[in-house]
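Colleague: Here my numbering is used: the first residue of the sequence shown is 1097, the next is one more, and so on.
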Amino acid sequence: MFDLVWICVIVGLIGAGVVGYFVRYVLRQDQGSEKIREISGAIKEGGLAFIHREYRTLGIVVAVVAIILVFVPDLGWRVAVAFIFGALCSIAAGYAGMNMALRSNGRTCAAVQKGLNQGLRIAFRGGAVMGLTVVSIGIIGLAVLYFAWHGLPPREFLAIIPAYGFGASLVALFARVGGGIFTKGADAGSDLVGKVEAGIPEDDPRNAAVIADNVGDNVGDVCGMGADLLESYVETVIATMALCIVGGVVAPWVTGTLFPTLSADAALQAAWWLPMLIMAGGLVASIIGCFLVRVGEKVEMGALLGALRRGTLSATILTAIFGFLIIYFLHASLGVFWAMLAGLVAGALMGESTNYFTSYAYKPTLEISEASTSGAGPIIVRGFANGMMSTWPPVVLIAIAIGVAFHFASFYGVALAAVGMLSTLGVTLATDAYGPVADNAGGITTQAGLPPEVRERTDALDSLGNTTAATGKGFAIGAAAMNSLGLILAFAMAVGIVTVSSTGTLILPPELSLLSTPVIIGVILGALMPPVFCAMTMKSVGVTTSAIIEEVRRQWREIKGIMEGTTRPEYGKCVDIATRIALKEMLAPSIMTIVMPILVGIILGVYALAGFLIGALATGFIFAVML
């Protein structure tokens, strides 16, 4: 099975090579006029300034946690090293993807003057750098851990690999929260003070917050999303591997049923490497899907959307084929394939569900548009109602996927379903990261004073990007839910509160009953966490929005000539304000999510902690889809 590691490494390096090709392709494109380069440079400067300050803050947190891990009994320096390595991988993926997005926006703006196809190709390949970088780093990072410590006993290795995911998760938490506060605060502040209060167009250069708005698209929706999905990606594989150790040791069913023709040792090795190989197959499929995203010279909006769907659908079909061949090669039962396919299909259908509820072409969005004729109140009511209604398809799809996966492959199948769902991450994240690039290109078009027909083209790309970004977020949420369930199962088995029978059935002690007082308390406290977290972050967005509005008003009052267009606003002031507040405000919700599970486990015990995790997963999934 050692040779299988090299297959994963080679595929990861191929992915890195394709990333290099896309980077070279984008950087060779025309950067546009001097005005376009100036605006794009300001956005790049603001984005990099934010990420550097965020990573400096995060570096302190990572160092403190690593020192603590060194002195925790039964963990030691290897766990601390794996934790730091995971954090560095997440930082590298986020930084590389955002840096490329920042270099693609101006080039997209210049290319779209020649035609939509040229603009789509640059914007998508700029986003594909993010998607393929995340997947390649995830695969290579896990392989590096194996090369470093595969000689350790399984239980010791089990303590190391989750630390890699923990490091990536910590970075994702800070990048998602900090970037999200910056993004929404800058976006709302720019629109409220510009379009609503002053009556000037969106992305008007007289608005001092427009650069901060464009910066926010990158730090939140590219860097934050990339770090978030890298964490989900690696932890999905880690959860499946962990279940092989904690479940396989006590369950002959893993070897006797899932891999009936292999010896016990060979079966456990096959179960161990299967998720990595499926992810490698998904990376190859994603690369092919990325190259299939192209349209003719004369295109319409439908053709643009069709091009992106062709890429994702092709990757999904190819992943299913590759997955079947890999499972056949490893002599696994057909039930393992059905479990993987359940997650893969659920992920694809969740993307379509999100597209239905967010696309301008379908009833939910048209209803909200119609409600706008009656005022702001009906818009809020209808939007909130549609948001709540949008939760049922993803929840039902995840429930069905879990049921199918467990039926065919028990607890291992549930984790493998999450692997299937995330296996096409390369192309899915590419379509998501494409959105901010197209949005930035539209903003640059207005600020550079380009003709209206150019703005119409960038608006077409932006509208498509809004749909693909929403679809990507729905996919990310579903993948995180499936991944979390696999991690909860691994946790429950690792601490010994759940065991597995010889038939693959989970054996739960009476203390884990939903009627048990500790479990009930844990479920209630866990269910409370997502709304409290949302409230804290929404309040932080409000603080950022108010500060940006006041700064724009101040500049209009004190700097003569801005509204007349004769004086350039101080764009950097708004970027600095949003950066400072976002980094300050992200600490409280981030610390709460880290500390609360620890306190519940220490004070109420392991059964309450299991309930806490389940409660947080249930309401967190619903809140994430709705909002």
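Ideal Cβ positions, reconstructed from N, Cα and C, are used throughout, including at glycine. Values in this document were obtained by computation on a predicted structure and should not be read as measured data.
When the Cα of leucine 1228 is compared with those of Phe1220, Ala1112 and Tyr1151, which residue comes out closest?
Modeller: Reading the sequence shown from its first residue, position 132 is the one you call residue 1228. Minimum Cα distance to leucine 1228 is reached at Ala1112.
Colleague: From alanine 1577 to leucine 1546, what does the alpha carbon distance come to, in whole angstroms?
Modeller: As a working mapping, residue 1577 is identified with position 481 in the sequence shown. As a working mapping, residue 1546 is identified with position 450 in the sequence shown. C-alpha separation (whole angstroms): 44 Å.
Colleague: In three-state DSSP terms, what is valine 1596?
Modeller: Mapped onto the sequence shown, residue 1596 falls at position 500. Residue state, collapsed to three classes: strand.
Colleague: Check whether the Cβ atoms of glycine 1618 and leucine 1700 lie closer than 8 Å to each other.
Modeller: Counting from 1 along the sequence shown, the entry for residue 1618 is found at position 522. Counting from 1 along the sequence shown, the entry for residue 1700 is found at position 604. Against a cut-off of 8 Å, the Cβ pair of leucine 1700 and glycine 1618 comes out as a contact.
Colleague: Where isoleucine 1103 and aspartate 1535 are concerned, what is the direct C-alpha to C-alpha distance, given to the nearest angstrom?
Modeller: As a first step, residue 1103 is located in the sequence shown; it is residue number 7 there, counting from the start. As a first step, residue 1535 is located in the sequence shown; it is residue number 439 there, counting from the start. Between isoleucine 1103 and aspartate 1535, the C-alpha separation is close to 38 Å.
Colleague: Just confirm the distance between the C-beta atoms of threonine 1563 and aspartate 1528, as a whole number of angstroms; I'd bet it's less than 8 Å.
Modeller: Here residue 1563 refers to the residue found at position 467 when the sequence shown is read from its first residue. Here residue 1528 refers to the residue found at position 432 when the sequence shown is read from its first residue. Actually they are not in contact, since the Cβ atoms of threonine 1563 and aspartate 1528 sit about 11 Å apart, beyond 8 Å.
Colleague: Distance check for arginine 1124 and alanine 1224, CA to CA, integer angstroms please.
Modeller: Taking the first residue of the sequence shown as position 1, residue 1224 is located at position 128. Taking the first residue of the sequence shown as position 1, residue 1124 is located at position 28. Taking the straight line from one Cα to the other gives about 16 Å.
Colleague: For aspartate 1126, which residues from the same chain have a beta carbon less than 6 Å from its beta carbon, with the 5 sequence-adjacent residues on both sides left out?
Modeller: Start at 1 with the first residue of the sequence shown, and residue 1126 comes out as number 30. The answer, listed in chain order, is Ala1206.
Colleague: Exposed or buried, lysine 1656, counting other C-beta atoms within 10 Å across all chains shown (16 or more means buried)?
Modeller: Locating residue 1656 in the sequence shown gives position 560, where the first residue counts as 1. Classification for lysine 1656: exposed.
Colleague: Is the separation between the beta-carbon of glycine 1275 and that of leucine 1198 shorter than 8 Å?
Modeller: Numbered from its first residue, the sequence shown carries residue 1275 at position 179. Numbered from its first residue, the sequence shown carries residue 1198 at position 102. No; because the gap between Cβ atoms is not below 8 Å, this pair is not in contact.
Colleague: With H, G and I counted as helix, E and B as strand and the rest as coil, what does DSSP make of leucine 1430?
Modeller: Locating residue 1430 in the sequence shown gives position 334, counting from the first residue. Helix.
Colleague: I'd like the span of the alpha helix (DSSP H) that includes valine 1508, first residue to last.
Modeller: For the purposes of this step, residue 1508 is taken as residue 412 along the sequence shown, with counting starting at 1. Per the sequence shown, the amino acid found at residue 1508 is tyrosine instead of valine. 1488–1518 is the extent of the alpha helix (DSSP H) around tyrosine 1508.
Colleague: Which ranges does the alpha helix (DSSP H) cover as unbroken runs of at least 4 residues, wholly within the region 1414–1466, from first to last along the chain?
Modeller: Counting only runs of 4 or more, we get 1430–1454.
Colleague: Name the residue from Ala1513, Ala1575, Gly1377 and Glu1448 whose alpha carbon lies nearest to the alpha carbon of alanine 1438.
Modeller: The residue given as residue 1438 occupies position 342 in the sequence shown. Among Ala1513, Ala1575, Gly1377 and Glu1448, the Cα nearest to that of alanine 1438 is on Ala1513.
Colleague: Under three-state DSSP, which class holds leucine 1546?
Modeller: Counted from its first residue, the sequence shown places residue 1546 at position 450. Coil, per DSSP.
Colleague: Measure the C-alpha to C-alpha separation of methionine 1589 and alanine 1497 and round it to an integer number of angstroms.
Modeller: Here residue 1589 corresponds to residue number 493 of the sequence shown, with the count starting at 1. Here residue 1497 corresponds to residue number 401 of the sequence shown, with the count starting at 1. Methionine 1589 and alanine 1497: Cα-Cα distance of roughly 21 Å.
Colleague: Do valine 1696 and valine 1591 come within 8 Å of each other at the CB atom, strictly closer than that value?
Modeller: Sequence index remark: in the sequence shown, residue 1591 carries index 495 (1-based). Sequence index remark: in the sequence shown, residue 1696 carries index 600 (1-based). Taking 8 Å as the Cβ cut-off, valine 1591 and valine 1696 do not qualify as a contacting pair.
Colleague: By the DSSP assignment, the alpha helix (DSSP H) with histidine 1246 in it spans what residues?
Modeller: For this step, residue 1246 is matched to residue 150 along the sequence shown. From DSSP, histidine 1246 is part of no alpha helix (DSSP H); its letter is neither H nor E.
Colleague: Checking 8 Å against the spacing of the C-beta atoms, do alanine 1145 and valine 1648 come in under that value?
Modeller: Here residue 1145 refers to the residue found at position 49 when the sequence shown is read from its first residue. Here residue 1648 refers to the residue found at position 552 when the sequence shown is read from its first residue. Not in contact: alanine 1145 and valine 1648 (Cβ atoms no closer than 8 Å).
Colleague: Please go through the region 1605–1665 and give each complete alpha helix (DSSP H) segment of 4 or more residues, from N-terminal end onward.
Modeller: Correct list: 1613–1654.
Colleague: Please classify leucine 1723: does DSSP put it in a helix, a strand, or coil?
Modeller: Taking the first residue of the sequence shown as 1, we reach residue 1723 at position 627. Here leucine 1723 sits in coil by DSSP.
Colleague: If you count every other CB in all the chains shown that lies within 10 Å of the CB of isoleucine 1673, and 16 or more means buried, which is it?
Modeller: In the sequence shown, counting from the first residue as 1, residue 1673 sits at position 577. Looking at its Cβ environment, which holds 16 or more other Cβ atoms inside 10 Å, isoleucine 1673 is buried.
Colleague: With DSSP as the reference, identify every bridge partner of serine 1602, one or two as the case may be.
Modeller: Within the sequence shown, the letter at position 506 stands for residue 1602. The question names serine, but residue 1602 is leucine in the sequence shown. According to DSSP, which records beta bridges pairwise, leucine 1602 is partnered with Val1596.
Colleague: Given threonine 1153, which residues of its chain have a CB within under 7 Å of its CB, disregarding the five upstream and five downstream residues?
Modeller: For the purposes of this step, residue 1153 is taken as residue 57 along the sequence shown, with counting starting at 1. Correct list, in chain order: Leu1679.
Colleague: With leucine 1288 as the anchor, note down where its alpha helix (DSSP H) starts and where it stops.
Modeller: Taking the first residue of the sequence shown as position 1, residue 1288 is located at position 192. First-last for leucine 1288: undefined, no H or E at that position.
Colleague: Taking the alpha-carbon of methionine 1196 as reference, which of Lys1291, Leu1379, Ile1218 and Val1166 has the nearest alpha-carbon?
Modeller: Here residue 1196 refers to the residue found at position 100 of the sequence shown. Comparing Cα positions, the closest option is Ile1218.
Colleague: Among the residues of its own chain, which have a CB less than 7 Å from the CB of valine 1346, if the five just before and after it don't count?
Modeller: For the purposes of this step, residue 1346 is taken as the residue at position 250 of the sequence shown. Reliability of the predicted coordinates at valine 1346 is poor, the pLDDT of 44 falling under 50, and the value obtained from them is presented with this limitation in mind. The residues are Thr1595 and Val1596.
Colleague: Assign methionine 1688 to one of two classes, buried (16 or more other C-beta atoms within 10 Å of its C-beta) or exposed (fewer than that).
Modeller: Working through the sequence shown from its first residue, we reach residue 1688 at position 592. Counting Cβ neighbours within 10 Å, methionine 1688 comes out exposed, since fewer than 16 surround it.
Colleague: Could you check whether the region 1172–1184 touches the region 1516–1526, counting it as contact only if at least three pairs of C-beta atoms, one from each stretch, sit closer than 8 Å?
Modeller: As far as the Cβ criterion goes, the region 1172–1184 does not touch the region 1516–1526, which means the pair count is below three.
Colleague: Can you name the start and end residues of the alpha helix (DSSP H) that threonine 1689 belongs to?
Modeller: For this step, residue 1689 is matched to residue 593 along the sequence shown. Unbroken alpha helix (DSSP H) run through threonine 1689: 1683–1700.
Colleague: Under three-state DSSP, which class holds proline 1258?
Modeller: Your numbering for residue 1258 matches position 162 in the sequence shown. In the structure shown, proline 1258 sits in a helix (DSSP, three-state: H, G or I).
Colleague: Just how far apart, CA to CA, sit leucine 1602 and alanine 1712?
Modeller: The residue given as residue 1602 occupies position 506 in the sequence shown. The residue given as residue 1712 occupies position 616 in the sequence shown. Approximately 22 Å between the Cα atoms of the pair.
Colleague: Any idea if threonine 1613 is buried or exposed, counting beta-carbon neighbours within 10 angstroms, 16 or more meaning buried?
Modeller: Reading the sequence shown from its first residue, position 517 is the one you call residue 1613. It is exposed - the Cβ of threonine 1613 has fewer than 16 other Cβ atoms within 10 Å.
Colleague: Thinking just about the alpha-carbon of each residue, which of Gly1561, Thr1450 and Thr1715 is nearest to the one in proline 1532?
Modeller: Counting from one through the sequence shown, the residue named residue 1532 turns up at place 436. Measuring from the Cα of proline 1532, the nearest candidate turns out to be Gly1561.
Colleague: At what residues does the alpha helix (DSSP H) containing serine 1470 begin and finish?
Modeller: Locating residue 1470 in the sequence shown gives position 374, counting from the first residue. It is not in any alpha helix (DSSP H) - serine 1470 carries neither H nor E in the DSSP assignment.
Colleague: Please work out which residues of its chain come closer than 7 Å, Cβ to Cβ, to leucine 1705, disregarding the five sequence neighbours upstream and downstream, and give them in chain order.
Modeller: Here the question's residue 1705 lines up with position 609 in the sequence shown. Closer than 7 Å at Cβ, skipping near neighbours: Gly1618, Pro1693, Val1696 and Gly1697.
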